[in-house]
Amino acid sequence: ALQRVYKPEWWEDSNLVEPKARKNGGYRQAEVRTKPASQEAWGTDFFLKTPVLPGELDRHPCFEVAVVLGRLPSLTTSMACLCRESFEQGARSTDFGLSVNAILPYPCSWQAWCTCGSTLASKGLQQLADAAGFYQLKLPSCEGADAAGLEAILNILGEIWKTTCISIVKNNEYESERVMMCFVTLHFLLLCLAEEHEALRSQARKSVEEFLEMVQQKPVVNLKSFVPDLGRFLVRFLLADSPLTLKENLSIIVSELFCRNVRWVHPDMWPESDSSPELQEEQVQASFDASQFGMKLLVFQSYYILRSRELGLDSIAALEACQGKPDSDALQAFQRDCREIKDMESYQEFFLWLQLEAYLERDLHAMLCAAVLESEDRGYNYGIQRP
458 ALQRVYKPEW WEDSNLVEPK ARKNGGYRQA EVRTKPASQE AWGTDFFLKT PVLPGELDRH
518 PCFEVAVVLG RLPSLTTSMA CLCRESFEQG ARSTDFGLSV NAILPYPCSW QAWCTCGSTL
578 ASKGLQQLAD AAGFYQLKLP SCEGADAAGL EAILNILGEI WKTTCISIVK NNEYESERVM
638 MCFVTLHFLL LCLAEEHEAL RSQARKSVEE FLEMVQQKPV VNLKSFVPDL GRFLVRFLLA
698 DSPLTLKENL SIIVSELFCR NVRWVHPDMW PESDSSPELQ EEQVQASFDA SQFGMKLLVF
758 QSYYILRSRE LGLDSIAALE ACQGKPDSDA LQAFQRDCRE IKDMESYQEF FLWLQLEAYL
818 ERDLHAMLCA AVLESEDRGY NYGIQRP
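Per this note's numbering, the very first residue in the sequence shown carries number 458; after that it's consecutive.
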């Protein structure tokens, strides 16, 4: 059975059309309007083949979430469009063959969110709460009952964000349109939840600040025991302001990624400072070949976080203006960039995608040597025998 986790009070009555009044300081339910937010069709339900209408509880557009069981359960989506009515009538598999274990709403607009999106999100998060128990962080700010409900939200959305990036890196046939739609939707959803959930934004900031401090502190500690999955963690930067933005702290994230990547490199090819020039080149290439999957994941995740801030798409008003759908120009740009990211062949390209041009002047081999030493100090390579 999936591990159960603390559920905040607001999840227990999340299936009600008009949720109970909330206490101040906890989850602040959005104002519920009695009229639908919009009568214009937003899309088509893949199961019922009928229009979905933002603001109508039973017909508001949602996307499916599948719980894939394994050593740890993973949460994934194909962004298939359906509504609560079709889910309740038995829609349990998408046209892509993906299970439908829960649904979360496309926010569409703030009015639609207030009318019914919030209720649908609460119910969907409740359905995914058991899986979220496997993603708990061990940072100080993430401990305790008060943080558990907030952490469940951040971890559920972070897991979907991460698995979407894994899908596009692994699968050449995974459409970039679906990925961009997922990025925009999860961002919009996160901002709406943060608007209602007064403590969600501060929870994201505190956990980001603690993690960044722990990466830099001496003596070093095993950060994997506190934040096991870096990819799932990165979504929190969408709620972080200066000086905690991803752009301002990418060098710290890259340093930690390099340390975690050492484990995937064959020990015979771990960079060493006394290697000959010829061997240094081989060690750098071996490190890239073994680490490129995780590096591409970081680039894909960072791509949207960085670009959304540059383009001003980091507020509810901005995302509402496009109804939570990326425009054609953004899609075309992402399609082009997506192909180039997947074809990335060097550390130099990696640094350029992350806007870390200064790294091009650094001694790459020396950086990788330092990562090996630090990863050993942190205990990341336990069980690996060096020659």
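The beta-carbon is built from N, C-alpha and C at its ideal position, and this holds for glycine as well.
No experiment lies behind these values; they were computed from the predicted model shown.
Report all residues from its chain with a CB closer than 7 Å to the CB of E616; omit the five preceding and five following residues, and keep chain order. S531, L532, Y592, R689
Just mark F694 as buried or exposed, buried being the case when its beta carbon has 16 or more other beta carbons within 10 Å. buried
At the level of alpha carbons, what is the spacing between L817 and V741? 14 Å
Interface flag, T576 vs chain D, CB-CB below 7 Å: Given the protein chain composition of this structure (a single chain), no chain D is represented.
Where L763 falls, given that 16 or more other Cβ within 10 Å makes a residue buried: buried
With the cut-off set at 7 Å, would you say E718 and G751 are in Cβ contact? It should be pointed out that residue 718 corresponds to Asn in this sequence rather than to Glu. Cβ distance < 7 Å, so N718 and G751 count as in contact.
Have a look at L510 and A697 and give me their C-alpha separation to the nearest angstrom. 32 Å
Continuous alpha helix (DSSP H) stretch holding E562: start and end: Position check: residue 562 holds Pro in this sequence, whereas Glu was assumed. Premise fails: P562 lies in the beta strand (DSSP E), 559-562, not in any alpha helix (DSSP H).
Cβ atoms of C826 and P897: under 7 Å apart, would you say? Nothing about residue 897 can be read from this structure; the chain reaches only from 458 to 844.
Apart from the five residues on each side of it in sequence, which residues of its chain come closer than 6 Å, Cβ to Cβ, to N706? L669
Using the C-alpha atoms, what's the distance from S575 back to I623? 28 Å
Cβ shell of P493 (< 7 Å), same chain only, five flanking positions each side left out: Since pLDDT at P493 reaches only 45, below the 50 mark, its modelled position is unreliable, and no value is offered.
Alpha-carbon to alpha-carbon, F745 and Y563: 38 Å
Would you call the stretch 603-619 and the stretch 657-667 touching, i.e. three or more CB-CB distances under 8 Å? yes
Return the CA-CA distance between L555 and L539, expressed in angstroms with no decimal places. 13 Å
For the putative contact between Q792 and S579, defined by C-beta atoms under 8 Å, what is the C-beta separation to the nearest angstrom? Going by Cβ atoms, the distance from Q792 to S579 rounds to 34 Å, so no, they are not a contact pair.
Grab me the residues of Q758's own chain with a C-beta within less than 6 Å of its C-beta, minus the 5 sequence neighbours each way, in chain order. C622, L691
Under 7 Å between the Cβ atoms of E521 and I560? yes
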